[in-house]
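Note that numbering that gives the first Met the number 0 has the sequence shown beginning at 0, numbered continuously upward.
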Amino acid sequence: MEKKQAQDLIARLSYIRPDGAYSSPYLRALDTIRPFCDSAGLDIQTDPDLAERQLKPFDLWLPFDELIHHLRLSFENWDYKMEGGEPLNDTQRRALRGLRKIAQSNFERPIVAAHGNLIATVLGAIDPDFGFEQWRAMKNPHLYALSYQQDQLRGFEDIG
């Protein structure tokens, strides 16, 4: 993440005043949230349930157009997967399990750093119309506020 993006994210997250921080164990998510957590004095707890979906085997390189084609297919059929990959239905179950653990924590306003496909599955659990085009329109980083009631995900707000 660029230094300007990191500084902007620090300002945006400071407004929310988070009291806990969780992240995917993948470096991209950790590198996104680390500057804010360092400035706020928050420890980052990683959870493999927040890791990005594995669309394909890590050692398989695909041209960008082909990758997008497979992503589009997976949003049209959440059971679709490439050989060695993970379908969106499984990603969603895993993501919701990870978020449920966070909702049951002692934090009132935790922040979570994750990845686009995983985030899209969470938002799709609330709004079934959230799909491929909405995923493609997500910025990097993009902020969503999730609302819970009795440990159940109830809604989200796009806060940019």
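Using N, Cα and C, we set each Cβ at its ideal position, and we do this for glycine too.
Original post:
So the beta strand (DSSP E) P56 belongs to, where does it begin and stop?
Top reply: For this step, residue 56 is matched to residue 57 along the sequence shown. Per DSSP, P56 belongs to no beta strand (DSSP E) and is neither H nor E.
Subject >> Pair within 7 Å by beta-carbon distance, P24 and A50 >> reply: In the sequence shown, counting from the first residue as 1, residue 24 sits at position 25. In the sequence shown, counting from the first residue as 1, residue 50 sits at position 51. In contact: P24 and A50 (Cβ atoms closer than 7 Å).
Subject >> S38: first and last residue of the uninterrupted alpha helix (DSSP H) it sits in >> reply: One-based indexing of the sequence shown puts residue 38 at position 39. Where S38 is concerned, the enclosing alpha helix (DSSP H) stretches over L26 to A39.
Original post:
Which residues share a DSSP beta bridge with V111?
Top reply: Residue 111 sits at position 112 when you count from the first residue of the sequence shown. Answer is Y21, bridged to V111.
Subject >> the region 107 to 120 touching the region 15 to 32, judged by at least three CB pairs closer than 8 Å >> reply: yes
**OP:** Check whether the Cβ atoms of Y147 and A94 sit closer than 7 Å, and answer yes or no.
**Re:** Taking the sequence shown and counting its residues from 1, the one referred to as residue 147 is at position 148. Taking the sequence shown and counting its residues from 1, the one referred to as residue 94 is at position 95. No, these two residues do not count as a Cβ contact at 7 Å.
Original post:
With a Cβ-Cβ cutoff of 7 Å, do T31 and P140 count as a contact?
Top reply: Against the sequence shown, residue 31 aligns to sequence position 32. Against the sequence shown, residue 140 aligns to sequence position 141. Cβ distance < 7 Å, so T31 and P140 count as in contact.
Original post:
Does the pairing of the region 112 to 126 with the region 82 to 99 give three or more beta-carbon distances under 8 Å?
Top reply: Counting C-beta pairs with one atom in each stretch, the region 112 to 126 and the region 82 to 99 have three or more that are closer than 8 Å, which means they touch.
Original post:
What number of angstroms, rounded off, separates the C-alpha of S22 from the C-alpha of F35?
Top reply: As a first step, residue 22 is located in the sequence shown; it is residue number 23 there, counting from the start. As a first step, residue 35 is located in the sequence shown; it is residue number 36 there, counting from the start. Going by the C-alpha atoms only, they are around 12 Å apart.
**OP:** Just the C-alpha distance for L152 and A113, rounded to the nearest angstrom, thanks.
**Re:** Indexing the sequence shown from 1 puts residue 152 at position 153. Indexing the sequence shown from 1 puts residue 113 at position 114. Cα to Cα, L152 sits roughly 17 Å from A113.
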